[in-house]
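J.: Going line by line, the protein sequences match chains A and B.
The opening residue of the first sequence carries number 6 in the working numbering; numbering runs sequentially from there.
The opening residue of the second sequence carries number 325 in the working numbering; numbering runs sequentially from there.
No residue lacks a Cβ here, since even glycine has one placed at the ideal position from N, Cα and C.
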Amino acid sequence: MLYREAGNFKTTYVKDMALFPLPLTRWVAAALVILFVVIVPLVLDDWYLTNFNLILIAIVGALGLNILVGYTGQISIGHAAFMSVGAYTAANLASKLGLPFWVTLPLGGLMAAFIGAIVGIPSLRIKGTYLAIATLASQLIIEWIINHTPAISGGAAASIEVPRPAIFGYELNSQGDLYYFNLFFAALAIMAAVNIVRSRLGRAFVAIRDQDIAAEIIGINIFKYKLIAFAISSFFAGVCGVLYTYYYGIANYESFQIVVSIDFLAMVIIGGLGSIFGSVLGAIFVTALPVVIRTLVETFGVYIWDPSTLPSVVASLRLVIFGSLIIFFLVVEPEGLARLWRNIRNYFRVWPFSY
Amino acid sequence: MTRKMTSWLGGAAAAALLGLASGAALAADKEVVIGMQCDRTGPTQIVGATLCPAYHDYVALVNSKGGLEGYKVKVIEIDHEYKVPPAIEAHERFKKEGAIFESVYGTPQISALIKKLTEDQMAATSPGFGSAAAADGKRYPYVFPVAATYWSQMTVAVDFIKSKLGGSLKGKKIAYIFFDNPAGKEPLGVLDDLSKMEGFTYRTFAVPSPGVEMGAQVLDITTRFRPDFVIAHLFAKAPAVALKEFKGKGWPLNKMIGFVWAGSEADINAGGGFARNDGYYTIQYAGVGKDYPVLKEIQAMYKKEGKEPPAAMDANSVMYNRGVYQAAVQLEAIRLAIKAKGGAMPTGKDVRDAFETIKTVPVGALAPPLKITPEDHEGGGWAQVWQVKGGKFVKVTDWKHAYRDVIKKHLAEDAKK
């Protein structure tokens, strides 16, 4: 939009594989960093930062699920369970052993990856809807195990309070502090995901997604890569769960029930399967759009409805509008918001000469 | 790539900003703001769809009578569909709108907010849900259950059964059928202690989520275990299913008592109606029925505006009255806070302190004889037992509480963890 790619010739493979092939994209990236690191926390108040925080945490989970569903073509309806695995691992380590977040966060992710790889075993034999049911079972099994194992859940209430994350003795308490915390890990997750999908690993995933038999014939070890996909995806989910735990200050498996799995699946599908940017868009769409719709209906609803019925109208209308928008966007572009954005960009790339 | 993200966010932020700006402009100067979370559209809408309008009705009634010490009450309601992230967003929104009190709804939501409430010095209530440990005012200074927790409900249930079975539970058998989630398992420890104290035996029967499948458990209870009494702690659609199953197996329902979320008119009707479920006992943390002066006032208010009073007042008085009670406790605390400040605008901390000075809730017999102390934010754990009889709910016992030492012991144990 702002720039032309014409005349930009690459002479080495390194240049061809660069993340930011054009100088201008590098500038844009730098501007984005300044915007999110400096301007956003300075300008916006706690309420906006809360929304940012929730979006940032959701991005991590959506990225993980997209690696599995979008890139490897294996469906999972049990992702919230992997989040709870990460959450309880970190919460137990943090509350019982007093470990800091930079230990509990990766360990929570690794535990989720381990459980995820086990849950991924059925994917070696079954696909599609059958795999969906198998992962659905894993969601229920993991929930049940947490609920019935006091050593994990910390007692009947199944909730473990964790201290706020601290860096060099400084406790991250306010929304602004936690914003940096979540931003750092969300950025790390985006970088990791971008680099995973353009590596040998990512290409193997895509090959499996497109035609697993062909992938096996050209020498991709399906057993290995499917399990790796499950493990990586669950690692992201686990980290997402840990971030939720630190953000809420409590691990509670009731925050990670099947509805959450469905929400994350919705993010990935609305955002765009097989797209990192799509995961980000999807996380924003599902997390922030209900808030925007509610605010708009509240604001303009007073002119239409009686104030006494307004709360009930707002609650219901929000769901109606949100649902309609999902259908609208998916009808306009079945491949999701990321594809929609690409279409717009491609249109303007050659504008005003469309051929 | 991520550049599009900013414009998206920008658009969203601008839209939201527009909304907030116009919302804030409407606010008058002498006004207290309450943030209210609600679930009208999620899995517990059976509660929210009645409780939330009732809440607004009571607030409207107070406002129509001049408000609280000259302050009008403004309620900002946010529906969170029983999801946690929207509840967090709601909390910050309430803060931003200058709320001095937050009416939280839902167990996972209060868990996720319990830390923030203390950090942000925002008082909140959790009537009938949330962890029983929240009654410990020293540990959670900003949370007020203000209604019998599941622990207290268990003590009331056992005490009631004791009186029904002739004053002694020695050698008796009690079946506890519960929803297999943290809330369902919470009173198990209390039940165990009581069984040792009173010398009865008990067995537990877990009903897995979503609680619509319990034929096996009910068969086990009615034909094999054959207890002297059944305690049911079920939610959502489960109570109705339980009533059908027990009745279907020929179990006399006057040997069964349900916890607070298993005993609304909606549950009884879904379970086959009042005639079919005659005899069933329920525990209530607010009064049932229409015979309370405050409800008459609300009806009069509607009539004055030329409108019909809400149908839920009759059709689901259990939930309706809980909404009224919830609003009444909160507004009373805010009124006391304003009074304590000599008419100045109270802060969240003032409201918190005022909760501990509540003497009576101004809705008559609809409210329990609450006595909140700095240690006991539950207010004594009072409950009433009502029975389905002759097509309606009939009060069986007045406000009662029991075995408070057991509760104290459990609170102390939980605090040590």
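Less than 8 Å separating the beta-carbons of Asn505/B and Asn152/A?
T.: Asn505/B places its beta carbon less than 8 Å from that of Asn152/A.
J.: At a Cβ cut of 7 Å, what residues of the stretch 44-72 of chain A count as close to chain B, listed as they run along the chain?
T.: Asp50, Asp51, Trp52, Tyr53, Thr55, Asn56 and Leu59
J.: Kindly list, in the order they appear in chain A, the residues whose Cβ is closer than 7 Å to that of Glu510/B.
T.: Here the neighbours are Ala161 and Ala162.
J.: Kindly indicate which residue of Lys439/B, Met521/B and Met580/B has the alpha-carbon position closest to the one of Gly254/A.
T.: Lys439/B
J.: Under the criterion of a Cβ to heavy atom distance below 7 Å, does Asp700/B qualify as lining the ligand MG?
T.: No copy of the ligand MG occurs in the structure displayed, which carries no ligand at all.
J.: Would you verify that the beta carbon of Ile438/B is, or is not, closer than 8 Å to some beta carbon of chain A?
T.: yes
J.: Strictly below 7 Å CB to CB, what residues from chain B border Ser260/A?
T.: Val408, Pro432 and Ala436
J.: Nearest to Val554/B by CA position, among Gly704/B, Gly603/B and Lys627/B, is which residue?
T.: Gly603/B
J.: Pick out whichever of Phe453/B, Glu680/B and Ser519/B has its Cα sitting closest to the Cα of Tyr609/B.
T.: Phe453/B
J.: Using a beta-carbon distance below 8 Å, is Leu660/B in contact with chain A?
T.: By this cut-off, Leu660/B is not an interface position.
J.: Just to confirm the assignment, what range does the beta strand (DSSP E) spanning Asn178/A have?
T.: Taken as a continuous stretch (DSSP letters only), Asn178/A belongs to no beta strand (DSSP E), as it is neither H nor E.
J.: So is Pro506/B in contact with chain A if we call contact Cβ pairs under 8 Å?
T.: yes
J.: Against chain A, does Ala352/B count as a neighbour if the rule is that its beta carbon must be under 8 Å from one of theirs?
T.: Interpretation of Ala352/B is limited by its pLDDT of 46, a score under 50 that renders its predicted location unreliable; the figure taken from the coordinates is listed afterwards. It does not: the Cβ of Ala352/B has no partner Cβ on chain A nearer than 8 Å.
J.: For His557/B, list the residues DSSP reports as bridge partners.
T.: Phe502/B
J.: Does Ala457/B pass the burial test, meaning 16 or more other C-beta atoms within 10 Å, or should it be called exposed?
T.: buried
J.: Could you work out which residue in Glu413/B, Gly535/B, Ile501/B and Ile731/B is closest to Met360/B when comparing CA atoms only?
T.: Looking only at Glu413/B, Gly535/B, Ile501/B and Ile731/B, the smallest Cα-Cα distance to Met360/B is reached by Glu413/B.
J.: Just checking my contact of Phe529/B with Asp544/B at CB under 8 Å: how many whole Å lie between their CB atoms?
T.: That pair is a contact at about 7 Å.
J.: Helix, strand or coil for Phe25/A per DSSP?
T.: coil
J.: If you follow the beta strand (DSSP E) that Ala448/B is in, where does it begin and where does it stop?
T.: Ala447 to Thr449
J.: Quick one: measure Cβ to Cβ for Val720/B and Tyr605/B, integer angstroms, because I've assumed they're closer than 8 Å.
T.: Between Val720/B and Tyr605/B, the beta carbon gap of about 7 Å places them in contact (Cβ cut-off 8 Å).
J.: Taking a contact to mean a Cβ-Cβ separation below 8 Å, would you say Gln650/B touches Thr449/B in this structure?
T.: Taking 8 Å as the cut-off, the beta carbon of Gln650/B is found closer than this to the beta carbon of Thr449/B.
J.: Does the stretch 262-279 of chain A come close enough to the stretch 120-130 of chain A that 3 or more CB-CB pairs lie under 8 Å?
T.: no
J.: Would you call the CB atoms of Phe418/B and Ala447/B closer than 8 Å?
T.: no
J.: From the DSSP output, in three-state form, read off Met580/B for me.
T.: strand
J.: Round the Cβ separation of Ala661/B and Val687/B to the nearest angstrom and send it over; I've been treating them as touching at under 8 Å.
T.: At roughly 18 Å, the Cβ-Cβ gap does not stay under 8 Å, so Ala661/B and Val687/B are not in contact.
J.: How would you list, in chain order, the residues of chain A whose beta-carbon sits under 8 Å from the beta-carbon of Gly513/B?
T.: Ala161
J.: Shorter than 8 Å from the beta carbon of Gly347/B to some beta carbon of chain A?
T.: Low confidence applies here, because Gly347/B scores a pLDDT of 43, under 50, leaving its location unreliable and the question unanswered by this model.
J.: Pull up the distance between the alpha-carbon of Lys520/B and that of Leu493/B, whole angstroms please.
T.: 10 Å
J.: Please specify which runs of the alpha helix (DSSP H), each continuous and at least 4 residues long, are wholly inside the stretch 622-681 of chain B, giving them in chain order.
T.: 636-639, 641-664 and 672-679
J.: Let me check understanding here. Comparing Cα to Cα, which of Val618/B, Glu416/B and Val565/B lies closest to Met538/B?
T.: Val565/B
J.: Classify Leu619/B as helix, strand or coil using the three-state DSSP reduction.
T.: helix
J.: Does the beta-carbon distance from Phe210/A to Gly125/A come in below 8 Å?
T.: no
J.: Start and end of the beta strand (DSSP E) containing Asn257/A?
T.: Ile255 to Asn257
J.: Output the distance between the C-alpha atoms of Asp591/B and Gly279/A, rounded to the nearest integer angstrom.
T.: The straight-line gap from Cα to Cα measures roughly 46 Å.
J.: Work out the CA separation of Val264/A and Gln477/B for me, nearest whole Å.
T.: Gln477/B and Val264/A: Cα-Cα distance of roughly 29 Å.
J.: Do you know whose CA, among Thr547/B, Ile581/B and Pro576/B, lies nearest Phe502/B's CA?
T.: Ile581/B
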